[in-house]
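Protein chains in written order, with the working numbering: chain W, 1 to 226; chain D, 1001 to 1469. Glycine is no exception: its CB is placed at the ideal position from the N, C-alpha and C atoms. Predicted model only: the values in this text are computed from it and were never measured. Notes to accompany the following structure.
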């Protein structure tokens, strides 16, 4: 899997490259518009991450050129502007996804994997994490064979975390997925739900599955990592 | 009609001045003419008396008095010409008196003898019983060898008077007519001249921050109004420029703040996730991440506010049921309240249709409910009500918390304002929640008010226009 990253902020690019390399992706980086377009035209990448504000040639212009060449490569837009009009315009031009800075790397990775269809979102009807069992059809949750009663929001939160065990989900990601963007200013709602979930899922068991990563978010640990 | 409008005042002044000038002119004309006509008649009469005296009475010794009488009658034929002629001797006895005129307008016998006067010539007016006025010129004729005579020659003033009456009537009728025609014409002219002002006013009313690219109509007449609209347009251009500058500033600031935040966050995340570091260091990185997230949130909220200020596109506006929105939001926030043992009582049974951005209005409910839950002590109660009231959709969030001090009430919708400064340090909010509520409400043509008394809780009330299709 080879990814092209076009980002003029060197430090931002470094962070993304480091993270992607850790996930065993091959990454090429360009720091301005023209070289980005040249790279995109020269090689068939599996995915392109485009910053919008680039010297020489804007991300939108590169995207237009790519789509005019009829390349089907998935394009993820990174932007420091999140005006609705910008968003709509870029989706119309052919962007596949859109991420506003500042973002959690976990979120970038999640969206990227979704675009690459590497199946980050498990479609299995039963999710298993350690001794926890989540039946997506009946919405039944069992731990060590014992039934756990959850409210619908608690269930949605648990299921979301269980789609990628050990992956840390930021509060913003959780809010956008389980609630909606109206709750943006109310991140403590996640903390409250996680606490309640913990009481039901973890309190009675020696192995704690729900893990807090301070400042980052929450993950559902399958017990293989400490 | 607006009594203070320029057109009204202009026309009123105009009409008043015209009336005054016309009345002065007419009065002058009337009086002058009257004086001239009477004087003219008087002089004619005097000439006649002199004629009688100089040509007839001067030779009375040779011709005798009867000749004078008959000649006078022949010359002037007073009965036919409606004249009055009388010649008397100094002792008051008659030499000649004309007969009654043919039209019977006066009776000569009725005319009293003019009072003797030392003046040689004089005249006077006589009001007769028939209502007519006789102007009489008199002449004292004395010469050596005769006893002296008084010659009187009179004519009716009636033709002069009726002519003057006629003139008066015409002026009295013509003046108001002329003034009203001129006033009406003036009013029309003024209105026509001021129509562009009305157009400019209406066009100016329509210009808001969302259509600053529009311009006022300019009539190319070269007058003051053209200059006015041109300079107003220049002002709007400058405003437009300033507004675009500030929007560009927000966009640029957005970029410039977000990029370092991204870097900060990315670096800290890699620290926090780095298993090689010891847990205390990772925890500290996490603590910094929390602050970075807080900073990110403030930046986010500020941009939300700027976007609302700049006037968000209304493309996502739809009509929906505010009650349902309130119910689902209350349900979603239920656990947050439950966590503090607070019961949310939701009274939103009736459908209340409104039009707007569902995401934004939900944000209003979330922010108000979130505040209510945050500031209500454990085991308190929060009430959420949605109702249709008098053409308005009303959403109320009431809590029984500590309330808001009266001094703070006027400021709570201000940006970064906090009621309790001491709690600001450890609180995770930036004091922008209510400012966002206010901005969203303004964008929706809604009004948000608060009622509170210390110790008795607070009630936030949002009043939106009810949607009707």
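Close CB contacts of residue 1240 of chain D within its chain, under the 6 Å cut and outside five residues either way in sequence, are with 1212 (chain order). Between the stretch 1295 to 1309 of chain D and the stretch 1326 to 1333 of chain D, the count of C-beta pairs closer than 8 Å stays below three; the two stretches do not touch. Of all C-beta pairs linking the stretch 102 to 118 of chain W to the stretch 70 to 81 of chain W, three or more are shorter than 8 Å, placing the two stretches in contact. Shortest Cα-Cα distance from residue 1446 of chain D to any of D:1357, D:1217, D:1112, D:1045 involves D:1357.
Taken atom to atom, the span from the alpha-carbon of residue 1341 of chain D to that of residue 1257 of chain D is near 39 Å. The continuous beta strand (DSSP E) containing residue 1151 of chain D extends over residues 1149 to 1156. With a threshold of 16 other beta carbon atoms within 10 Å, residue 1354 of chain D meets it and is buried. For residue 1141 of chain D, the three-state secondary structure derived from DSSP is strand. Against residue 1289 of chain D, the close residues of chain W are 214, 215, 216, in the order they occur along the chain (beta-carbon pairs closer than 8 Å).
Within the stretch 1227 to 1314 of chain D, the complete alpha helix (DSSP H) runs of at least 4 residues fall at 1279 to 1310. Annotation for residue 1048 of chain D: 1153 place their beta carbon closer than 6 Å to its own, counting only its chain and skipping 5 residues before and after. Not a single C-beta of chain W is nearer than 8 Å to the C-beta of residue 1309 of chain D. At a cut-off of 8 Å between beta carbons, residue 1204 of chain D makes no contact with chain W. For the pair of segments examined, the stretch 1161 to 1178 of chain D was found to touch the stretch 1033 to 1047 of chain D: the number of CB pairs separated by less than 8 Å reaches three.
When 7 Å is used as the limit between beta carbons, residue 80 of chain W is near these residues of chain D: 1254, 1255, 1258, 1259, in chain order. Annotated three-state conformation of residue 1055 of chain D is helix, per DSSP. The Cβ neighbour count for residue 1066 of chain D, taken over all protein chains shown within 10 Å, is under 16; the residue is labelled exposed. At least one CB of chain W lies nearer than 8 Å to the CB of residue 1283 of chain D.
Within chain D, the residues placing a beta-carbon under 8 Å from that of residue 104 of chain W are 1265, 1269, ordered along the chain.
For residue 1063 of chain D, the enclosing alpha helix (DSSP H) starts and ends at 1060 to 1063. Partner residues in the beta bridge of residue 1393 of chain D, as assigned by DSSP, are D:1388, D:1464. Within the model, the alpha-carbon separation for residue 1174 of chain D versus residue 1083 of chain D is close to 35 Å. With a minimum length of 3 residues, the unbroken runs of beta strand (DSSP E) contained wholly in the stretch 1085 to 1117 of chain D fall at 1094 to 1097.
Relative to residue 1041 of chain D, the option among D:1157, D:1369, D:1465 whose CA is nearest is D:1157. Of all residues in the stretch 1358 to 1370 of chain D, those with a C-beta nearer than 7 Å to a C-beta of chain W are 1359, 1362, 1363, 1366, 1367, 1370, reading in chain order. D:1386 is the residue among D:1386, D:1404, D:1390 whose C-alpha sits nearest the C-alpha of residue 1397 of chain D. Comparing alpha-carbon positions, the option among D:1142, D:1155, D:1113 lying closest to residue 1133 of chain D turns out to be D:1155.
By the 16-neighbour rule on beta-carbons within 10 angstroms, residue 1391 of chain D is exposed. Per DSSP, the unbroken alpha helix (DSSP H) holding residue 1358 of chain D starts and ends at 1358 to 1375. CA-CA distance, residue 1016 of chain D to residue 1023 of chain D, rounds to 11 Å.
Within chain W, no residue has its beta carbon less than 9 Å from that of residue 1237 of chain D; the closest one is some 23 Å off.
Any Cβ of chain W closer than 8 Å to the Cβ of residue 1003 of chain D would place that residue at the interface, and such an atom is absent. Residue pairing by DSSP places residue 1318 of chain D opposite D:1356 in a beta bridge. Between the stretch 1262 to 1276 of chain D and the stretch 9 to 29 of chain W, the count of C-beta pairs closer than 8 Å reaches three or more; the two stretches touch. Residue 53 of chain W counts as buried, since no fewer than 16 other beta carbons sit within 10 angstroms of its beta carbon. Of all residues in the stretch 1332 to 1346 of chain D, those with a C-beta nearer than 8 Å to a C-beta of chain W are 1332, 1333, 1335, 1336, 1339, reading in chain order.
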